[in-house]
Structures are given as C-alpha cells and as structure tokens.
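First up is the structure itself, then whatever we jot down about it.
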Amino acid sequence: MKLVFESFWRSKKRIFENRLNILLTIIPLILGILLYFVGAYFLWGPLADWSRSYIDSLLQNSIWGSFLYYFIVVLFSIAFYFLLNWTFVLVVSIIASPFSDILSERIERQELGQELGGIDQIWRKVVSGWISIVTNEIKKIALIAILGLLAFIFGQFPPLLFLSVIVSSLLLAIQFVDYSWSRHKLSFGDCVRDLKRHFIPYVLSGLIWLAIVMVPIVNLFVIPLATAYYTILWNRLTQRRLERS
C-alpha cells in the first residue's frame, strides 16, 4: 500500500522536472478545455431551448410550463455536471492518447535512468503513431464503456453499490495502466494476471482518482497526472514482484 501513495508525489515530481513532460501535460488540458467549451456552446444551449419549447407546447404556456421548465433545467444541470466530470477523462484521453503514450514512455525512462530524447523524437512519434494509438484507445474506451454500463446497473441497486464503485475504480486504473501494458506488448492473459496480482493497489488508487475526477478544475489535470502515476506504480509493482521471484 505504501507504493500507492508514494507514487502520487513521485508522478508530480517526474512531470515537473522536465520541460517536455510539462508540454505533454499542457496539450491534453488545452484539448479538454476546448472540447467542453465547444460542447457546452453547441449542445447545452440548443438542448435547453428545445426543452423549453417542448414543455411549453405540452402545457400551453401555462404557469406550470415555466415551473416545470426550470425544474427540468435544474435536473439537467445536475446531471450534466456529473456527466461532464465522469466523461471528461474518457473523451479527452482519446484525443490526447498519443501525447499520453509518449508521456508514459518518458516517465518510465526517467524511472529507469534512460535517455529521454528531444522534441524532434516526440514529434515523429506523434505523427507516425497517431492513428494506431487512437484506434487502440477507442477499442479500450469501448470496452470500458461496456463495463462502465455494468457498473452503472450495479449502482441502481443499493446492495450492489459497493461492487459498482469497485468496478468503476478498477476501470479508471485500467485506462491508464494500459499504456504500460501496450508498450511492453502484454497479451490479454498477461493483463488479466497483472490485474489479479495488483488488484488491491489498482482498486485503491482508482478510488482516489475517482474522487479527484469529481472536483471541478482539478479534474483538468487528471489525464497527465494519472498517466504518470500509473506508469510509475506499474513499474514499481512489477519490479517488486521480480525481486521477490
């Protein structure tokens, strides 16, 4: 359990001790901010206008129409807030996946004391690997979405709520530790075995990151920090297992 908490401070240190790591951190933040500003402008406004027109037509502009409209707007606002926070990491991670993949590799090289390379190397990897990395990310997100739906269904039944939280935290960990799995070409069976060996560290750390995701503004930093965090955590857990074997 010590590694779970130590890796938080270590991931922050690894990012900010290198200028190119900081650059790779800023790019997903900018992409995420732009994405949700555009989404809020083109989706949220028209949706609110449509709901007002629809409700007014149903209640023929009565006083109850206005009351129901504002009531639904409040409900939509609350739901939109949670949806925004919940989906932010998943959506932006697809767009920023090439940068996150490079950041994860650089963090691992720092941990191993290897040469990091310059910005020209970063640019070549982004250009050459964008399609394959994004394709792999979309497949991963699709699987996470399916399992996330399962977690949502569990959450509708109070006796299964705890199981829903466990599944959700594990999914978040998988999303970021997958960069290390892919880089080291782990098979599906190897990934499953890794989850079994390190189930508790992944779930515990996932719970912490789930809490961070729900904090406005702070959640903008989740993608790069969690990428660095799970790279360090996976390497240290793997190294410890190898030393014990």
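Take the sequence shown: its position 211, counting from 1, is numbered 210 in numbering that gives the first Met the number 0, and each next residue is one higher.
For each residue, glycine too, the CB sits at the ideal point set by N, CA and C.
CB contact flag (S10, I231, <8 Å): Yes, the Cβ-Cβ distance between S10 and I231 is below 8 Å.
Work out the CA separation of L19 and W233 for me, nearest whole Å. The alpha-carbon separation between W233 and L19 amounts to approximately 22 Å.
Taking only the alpha-carbon atoms, compute the straight-line gap between S181 and F175 and give it to the nearest angstrom. One C-alpha to the other measures close to 11 Å.
For the alpha helix (DSSP H) that contains E5, what are its first and last residues? From DSSP, the alpha helix (DSSP H) with E5 extends over K1 to F15.
How is the alpha helix (DSSP H) around S186 delimited, first residue to last? Per DSSP, S186 belongs to no alpha helix (DSSP H) and is neither H nor E.
Are S99 and T226 close, meaning C-beta to C-beta below 8 Å? Between S99 and T226, the C-beta gap is smaller than 8 Å, which places the two residues in contact.
Under a Cβ-count criterion, where at least 16 other Cβ atoms within 10 Å of its own Cβ denotes burial, should G205 be classed as buried or exposed? Counting Cβ neighbours within 10 Å, G205 comes out buried, since at least 16 surround it.
8 Å Cβ cutoff met for P200 and V37: No.
Give me the Cβ distance between Y178 and S103, rounded to the nearest whole Å; I'm assuming they're in contact under 8 Å. Approximately 4 Å separates the beta-carbon atoms of Y178 and S103; this is inside 8 Å, confirming the contact.
Keeping to the same chain, check which residues put their C-beta closer than 7 Å to that of R240; ignore five residues upstream and five downstream. Short of 7 Å from the beta carbon of R240, and not among the five residues preceding or following it, lie these beta carbons of its own chain, in chain order: R196.
I'd like to check one pair, S168 with L209: are the Cβ atoms closer than 8 Å? In contact: L209 and S168 (Cβ atoms closer than 8 Å).
Please state whether DSSP places C214 in a helix, a strand or coil. Reading off the sequence shown, one finds Val at residue 214, where the question assumed Cys. Here V214 sits in coil by DSSP.
Distance, Cα to Cα, V166 vs V191? A straight line joining the alpha-carbon of V166 with that of V191 spans about 14 Å.
Using the C-alpha atoms, what's the distance from S6 back to Y228? Pairing Y228 with S6, the inter-Cα distance amounts to about 6 Å.
Does the separation of the CB atoms of L219 and I32 fall below 8 Å? The answer is yes: Cβ separation under 8 Å.
For L115 and N17, believed in contact at Cβ under 8 Å, the rounded distance: At roughly 7 Å, the Cβ-Cβ gap stays under 8 Å, so N17 and L115 are in contact.
Distance between L22 and F15 (C-alpha atoms, nearest Å): Spanning the two alpha carbons is a distance of roughly 10 Å.
Hey, would you say Q109 sits closer than 8 Å to R13, going by beta carbons? In this structure, R13 lies closer than 8 Å to Q109 by Cβ.
Alpha carbon to alpha carbon, how far is F198 from L170? Give it in angstroms, no decimals. As the crow flies, the alpha-carbon of L170 is around 11 Å from that of F198.
Closest to P27 by C-alpha separation, out of V214, K1, I101 and M0, would be which residue? Closest option to P27, Cα to Cα, is I101.
Considering only residues of the same chain and omitting the five flanking positions on each side of T24, which have a CB-CB separation below 6 Å? Close CB contacts of T24 within its chain, under the 6 Å cut and outside five residues either way in sequence, are with I14 and P223 (chain order).
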